[in-house]
Ligand code: ADP
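Residue numbers (the working numbering): 1 to 482.
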């Protein structure tokens, strides 16, 4: 089962390897480096003890520290492997404000620095040329951490180097003397020194080279991966847009072609109903009335689809005027008064004394309020009230359409303005297309306005439209065809 923050690991289309977050990959890469370093350190300690015959170092401690490095790296390795395999995406755990992987990286680096400090201490302190290995940790920190923590790590490293010298010099820590290796106080007399020191430097230089090349390679690989992903996204997006355009064209054409046969069938049926083709029985008349009702709804649906596809394609006429919304609101109320009074629904309209003019397409604004008022009446209980109110707020006109009808559940509210959305509870009880509100949202949006709704299931809904009074540019409207 998936847990939050985890998803099955996606694989790289070229390598088939799981796609890792770059950061986890770097962490794993450095764990491998540490293994190599710990093994080499173990071998070096072994060689120092048995081939160079030095007895002054604290070998037991040295082996113990090497063992410890291997141990905590194994733990880190399995932890990171687990994150990569499960495709863990969340960098944060339990609401912590520190990204988890950065915390892991910082702990690794600090543990390494402390391990190196003690390794050096038990093997000659500052006189040990492997003191240069402190450098690696700065490179690793620079790759994995933010600039702030990286500087922190650098300062901590310097402090450790100073501490190593001062603590051993003052006798707080014992100094494990390496002079026996050299056999003399003048190191240049010893081949071990003359060849050993350059060998250690060479190992350091080579390791740094391998480390930086690996980092650069990984960076390049990740950049390619991101490029490939973004191209893939672009391609998919284009394809989706094409399919969407075709879907809308098809809908528009199909709906348009359905209009004329429906009009023809309706007029034949009306002729029959009105007795032009001979007398009808009551039963025949009832069937014809029902058929006409069905055809009427089909016509409404087609007209909704056509308007919707027209808005989608920006093919509606661009007819911006300074308009008094009061007229549009009055007309919307008048259009539904009869339907409302048949169900004893009172429709109340409250307008401000002075209604500022709004620059808009009157045809489309009429469509907006027609839709909202028609919904308010449709989804109202009988013997209730619908209230439409317009008021001026700052630089805007806000129109609210309030009903005390069936209301909308909280989960449905979020999808209300999507194409074809209809609340599951209304589907079997009310006719509709689910296109009205999506159309309204587009029109209001094209006028630089905002639409939203408050609702409580079973208690009613209020829809708000906010339109700017300021002059708006005609370019905000969908363009005419061509
Ligand atoms: P429809 O043709 O279904 O009315 P709309 O796009 O106009 O399509 O509305 C989408 C859905 O929003 C409706 O099906 C209904 O579930 C819900 N809805 C819209 N207005 C109201 C309202 N005033 N009261 C309750 N539900 C509403």
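Even glycine gets a Cβ: it sits at the ideal position worked out from N, Cα and C.
Remark: the shortest separation between the CB of residue 437 and any heavy atom of the ligand ADP falls under 7 Å.
Note that the C-beta distance between residue 130 and residue 120 is below 8 Å.
With fewer than 16 other Cβ atoms from the protein chains shown falling within 10 Å of its own Cβ, residue 234 counts as exposed. Take the alpha-carbon of residue 444 and the one of residue 367: they are about 10 Å apart. Taking the Cβ atoms as the reference, residue 400 lies roughly 5 Å from residue 389, within the contact range of under 8 Å.
Contact check for residue 125 and residue 175: beta-carbon distance about 6 Å, within the 8 Å limit, so the pair qualifies. Between residue 362 and residue 328, the C-beta gap is smaller than 8 Å, which places the two residues in contact. Note on geometry: alpha-carbon atoms of residue 264 and residue 257 lie some 12 Å from one another. In its chain, beyond the 5 residues on either side, 336 have a beta carbon closer than 7 Å to the beta carbon of residue 374. Within the model, the alpha-carbon separation for residue 330 versus residue 348 is close to 10 Å. At a cut-off of 4 residues, the continuous stretches assigned as alpha helix (DSSP H) that sit fully inside the region 355–396 are 362–378. Secondary structure at residue 261: helix, using DSSP grouped into helix, strand and coil. Taking C-alpha positions only, residue 192 is separated from residue 61 by approximately 24 Å.
With a cutoff of 8 Å on beta-carbon distance, residue 114 and residue 134 are scored as not near each other.
The C-alpha of residue 164 lies about 27 Å from the C-alpha of residue 32. Judged by their CB atoms, residue 407 and residue 461 are nearer to each other than the 8 Å cut-off. No heavy atom of the ligand ADP is found nearer than 7 Å to the CB of residue 79. The distance from the Cβ of residue 432 to that of residue 442 is about 18 Å, inconsistent with a contact at the 8 Å cut-off.
If the five residues before and after residue 435 are omitted, its C-beta is found closer than 7 Å to the C-beta atoms of 304, 305, 308, 419 and 420, all from its own chain and listed in chain order. In the DSSP assignment, residue 348 forms a beta bridge with 387.
Apart from the 5 residues on each side of it in sequence, residue 458 sits with its Cβ closer than 8 Å to the Cβ of 406 and 407 in its chain, given in chain order. Using a 10 angstroms sphere on the CB of residue 157, the tally of other CB atoms reaches 16 or more, which defines it as buried. In the three-state reduction of the DSSP assignment, residue 337 falls in the helix class. Per DSSP, residue 466 is one residue of the beta strand (DSSP E) stretching across 460–468.
Assignment of residue 330 by DSSP, reduced to helix, strand and coil, places it in the helix class. According to the DSSP secondary-structure assignment, residue 450 is paired through a beta bridge with 466. The secondary-structure analysis by DSSP pairs residue 322 across a beta bridge with 359. For the pair residue 426 and residue 365, the CB atoms are not nearer than the 8 Å cut-off. The Cβ atoms of residue 255 and residue 269 lie no closer than 8 Å to each other. In the structure shown, residue 232 falls within a helical segment according to DSSP collapsed to helix, strand and coil.
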